Amino acid sequence: MRPKTGILIDESQRPPRRIVSPGIENLPDWLPAEEIRGADGAPELLVSVSTYEEKGSDVNVASHLLIDVLTGSVDAAMVFSNDSDLQFPLRTARQSVPVATINPTTAPTAQDLRDDNDVGAGRHWWRRLRPSDFRRHQLPDPVGPFVKPPGW
Numbered sequence: 054m055r056p057k058t059g060i061l062i063d064e065s066q067r068p069p070r071r072i073v074s075p076g077i078e079n080l081p082d083w084l085p086a087e088e089i090r091g092a093d094g095a096p097e098l099l100v101s102v103s104t105y106e107e108k109g110s111d112v113n114v115a116s117h118l119l120i121d122v123l124t125g126s127v128d129a130a131m132v133f134s135n136d137s138d139l140q141f142p143l144r145t146a147r148q149s150v151p152v153a154t155i156n157p158t159t160a161p162t163a164q165d166l167r168d169d170n171d172v173g174a175g176r177h178w179w180r181r182l183r184p185s186d187f188r189r190h191q192l193p194d195p196v197g198p199f200v201k202p203p204g205w
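Numbering follows my numbering, with no gaps: position 66 of the sequence shown is 119.
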């Protein structure tokens, strides 16, 4: 969890607009906000929120992929991601080994992650996982000491 501070905006507007403060005395007690003056002098609300961001995981994936490929530790690679930041390391790895790119999200596979399946070492492929893929490929329950949570 990472706290961030910023001006309160209304995202339903296009473009998003800063919300003018109704006056600090009119804010509910549960809203931790500070009234500040914006660039135009209008009162705005400064708020803090908690966000969840992955940091550095794409760099770690890219680094380990390239180390493994360039040291000859792998004959092929399979990367589960739809992060277009991986375009360069995937393209580089494809020069030496076949690379499968698996998109675990509901979004279409990022175009930056695609390439000609015959480029470099060739035999590359792409797939987007669907909910049915997860349902059809469940481990038995239990597996050793591990039990599937209720509702799974």
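Ideal placement from N, C-alpha and C gives every residue a C-beta, glycine not left out.
Note that this is a predicted model, so its numbers are computed, not measured.
Boundaries (first-last residue) of the beta strand (DSSP E) holding residue i
i, result
"residue 170", "First-last for residue 170: undefined, no H or E at that position."
"residue 98", "96–104"
"residue 133", "130–133"
"residue 156", "152–156"
"residue 43", "Only positions 54 to 205 of the chain appear in this structure, which leaves residue 43 out of reach."
"residue 180", "178–181"
"residue 55", "55–60"
Rounded C-alpha distance that separates residue i from residue j
i, j, result
"residue 149", "residue 126", "11 Å"
"residue 134", "residue 159", "12 Å"
"residue 65", "residue 199", "45 Å"
"residue 115", "residue 139", "6 Å"
"residue 163", "residue 189", "25 Å"
"residue 108", "residue 191", "29 Å"
"residue 117", "residue 130", "11 Å"
"residue 187", "residue 172", "30 Å"
"residue 75", "residue 67", "21 Å"
"residue 197", "residue 204", "19 Å"
"residue 113", "residue 79", "47 Å"
"residue 166", "residue 104", "27 Å"
"residue 77", "residue 106", "31 Å"
Alpha helix (DSSP H) segment containing residue i, residue limits
i, result
"residue 113", "110–123"
"residue 147", "140–147"
"residue 185", "184–189"
Residue i vs residue j beta-carbon contact at 8 Å
i, j, result
"residue 97", "residue 73", "yes"
"residue 71", "residue 91", "yes"
"residue 119", "residue 86", "no"
"residue 99", "residue 60", "yes"
"residue 111", "residue 128", "no"
"residue 151", "residue 175", "yes"
CB-CB length for residue i against residue j, believed under 8 Å
i, j, result
"residue 155", "residue 183", "That belief does not hold up - the Cβ atoms of residue 155 and residue 183 are roughly 11 Å apart, past 8 Å."
"residue 101", "residue 56", "5 Å"
"residue 144", "residue 168", "6 Å"
Neighbour flag for residue i against chain C, beta carbons, 8 Å
i, result
"residue 175", "The structure shown has no chain C; it contains just one protein chain."
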